[in-house]
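Per my numbering, the sequence shown starts with residue 10, numbered consecutively.
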Amino acid sequence: MIPELRTDFNAKYTRAAYAELQSSLARRCGGPIQFRVAETPIFVPSSMLDEMAEQGAAMTRFLMADRVYLSSAQRAIPPGYDVAGKTSHPHFLTADFALVRTGSGELVPRLVEIQAFPSVFAYQFELCEAYREAFGLPKSLGIFLGGLDETSYWELLRRTIVGDFDPENVVLTEVDPLHQKTLADFEVTHRRLGIPVVDISSLRTEGNKLYYSDASGRSVPIHRIYNRAIVDELIAREIKLPFDLSHFWDVEWAGHPNWYFLISKYSIPFLTRSGRFPVVPAACFVNEFLDGDGQKLLAGGGADGKLSLDAEGDYSELLLKPLFSFAGKGIEFAPTRARLEAIPETERKGYILQQRMHFEPTIQTPFGLTQAEIRILYLWPDGGDLTPALSLVRLGRGKMMGVDHNKNQEWVGGSAAFYV
């Protein structure tokens, strides 16, 4: 997107430099990265990232001010996963954007997904530094958003996760963390912030408190939880936690689990109906599409070209998405009418139909033009403001942008954005 920087990078690229990138990441993160890292970062104008950051924050504030929406989203939380002690705001937010070409030829961002859940905040910094080191990128290229620099970024991350507690009493919890693809992020978080990484199923209770065992087997009280455990994984793996989530434990949450549901794909039909955010592709719930005004809503958003009513036809400009899934799991392209009607009536509120966005290939690589999805990472500490902090990029040439969907290819995978 900045042709001079792209041309220069491609001309100087070597496989040896990419090998150094991988070695640097392994040193920084305590071992090999468990997902594909792209051979290249992207180079973008700061104005593009700022626009995305402003849109994500505006949508979040709009949703949080809508009591009707929040009440509806609250009812969508699965039984048994309505966690006590919800905070007044989410501590973490991510907003994913596609770059699409308008009819007039303009390249613009469009929302893919918004989620109040942590991302790889610690790892992404190390990735940016590893790119800079391996490829000799100028220090003048920026990575931080919201007016942050390296010092203030880590201080903001510490405030958001650790708060005022001793790091020993703050834990990063995940399901079987040592076997997660995001282990590199957990390791960097541990090194930088000093907090232990703990399997959420290993926590213990005593009275109204939660405890974990440290490396020496000592029982340590937990005052704050940096939650990375995703509910749909707990459900899919049928994991029974040793403590009742709905109980008011004497513990704080950095990233209260309820926000994963309250600001999520569930919000996109509501953002569509508001008509306030052109960046949002049209969406509706499946029950609205089959039995309400969903088709009208989608058509008004520009998805009217392929709204076939033929049970054998497909809706080629629509995506079917389960509400609470992660990393693109369960997304279906061009669903048929028969597929939608096969969803039990009681479950149709658990899916949305969304206008498909056609990612514009913008990154020139030795394998042709490649698409980029850009994620804005926000932090919102206690007593502070919602702040865009860093960005994350996924490069791909397939239908979907996640690293799991672009295997056996080169110049794709997890990446970073540098701006001027």
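For every residue, glycine included, the Cβ atom is placed at its ideal position computed from N, Cα and C.
When only Cα atoms are considered, Ser-210 and Pro-186 end up about 11 angstroms apart. Secondary structure of Lys-338 (DSSP, three-state): coil. Around the CB of Lys-330, 16 or more other CB atoms lie within 10 Å, so the residue is classed as buried.
Approximately 5 angstroms separates the beta-carbon atoms of Ile-385 and Gly-65; this is inside 8 angstroms, confirming the contact. Note that the stretch 24-31 does not touch the stretch 348-363; fewer than 3 beta-carbon pairs, one per stretch, sit closer than 8 angstroms. As the crow flies, the alpha-carbon of Leu-349 is around 18 angstroms from that of Lys-274.
Within the stretch 362-419, the complete beta strand (DSSP E) runs of at least 3 residues fall at 372-374, 377-388 and 396-405. Glu-138: member of the alpha helix (DSSP H) spanning 130-144, first to last residue.
Using a 10 angstroms sphere on the CB of Ile-152, the tally of other CB atoms reaches 16 or more, which defines it as buried.
Assigned with DSSP and collapsed to three states, Lys-274 falls in helix. Between the stretch 360-375 and the stretch 298-309, the count of Cβ pairs shorter than 8 angstroms is three or higher; the stretches touch. In the three-state reduction of the DSSP assignment, Arg-119 falls in the strand class, which pools E and B.
Residues Ala-62, Leu-154, Gly-155, Ile-385 and Tyr-387 of the same chain have their beta carbon placed closer than 6 angstroms to that of Pro-397, with the five preceding and five following residues left out of the count. In the three-state reduction of the DSSP assignment, Glu-215 falls in the strand class. Setting aside the 5 residues that flank it on each side, Leu-243 is surrounded in the same chain by Val-184, each with a C-beta closer than 7 angstroms to its C-beta; the list follows chain order. If you draw a straight line from the Cα of Asn-236 to the Cα of Gly-112, it is about 42 angstroms long. Exposure of Ser-255 is indicated by the presence of fewer than 16 other C-beta atoms within 10 angstroms of its C-beta. By the C-beta criterion, the stretch 124-136 is judged to be in contact with the stretch 389-403, since at least 3 inter-stretch pairs fall below 8 angstroms.
Note: Gly-422 is bridge-paired with Leu-404 in the DSSP secondary-structure output.
Counting along the chain, Val-197 sits inside the alpha helix (DSSP H) bounded by residues 192-202. The DSSP-derived three-state label of Gly-39 is coil. Beta-bridge partners of Pro-331 (DSSP): Tyr-360.
The continuous beta strand (DSSP E) containing Glu-261 extends over residues 261-263. From the listed residues Ala-347, Ala-125 and Leu-327, the smallest Cα separation to Glu-341 is found for Leu-327.
DSSP places Ile-231 in the strand class (E or B) of the three-state scheme. The three-state secondary structure of Arg-246, taken from DSSP, is coil. Asn-19 has no beta-bridge partner at all, per DSSP. Counted as a single uninterrupted DSSP element, the stretch harbouring Leu-72 is not any beta strand (DSSP E) but the alpha helix (DSSP H) occupying residues 55-73.
For Gly-284, the closest of Tyr-269, Gly-309, Gly-264 and Val-429 by C-alpha to C-alpha distance is Gly-309. Taking the C-beta atoms as reference points, Ala-107 is found no nearer than 8 angstroms to Ser-33. Ranking Pro-87, Arg-84, Arg-119 and Gly-114 by CA distance to the CA of Ala-381 puts Arg-119 first. Under the DSSP assignment, Phe-174 falls outside any alpha helix (DSSP H); it carries neither an H nor an E label. Residue pairing by DSSP places Leu-108 opposite Pro-118 in a beta bridge. In the DSSP assignment, no residue is bridged to Val-184. Judged by beta-carbon spacing, Ile-272 lies within the 8 angstroms limit of Leu-102, meaning their Cβ atoms are closer than that value.
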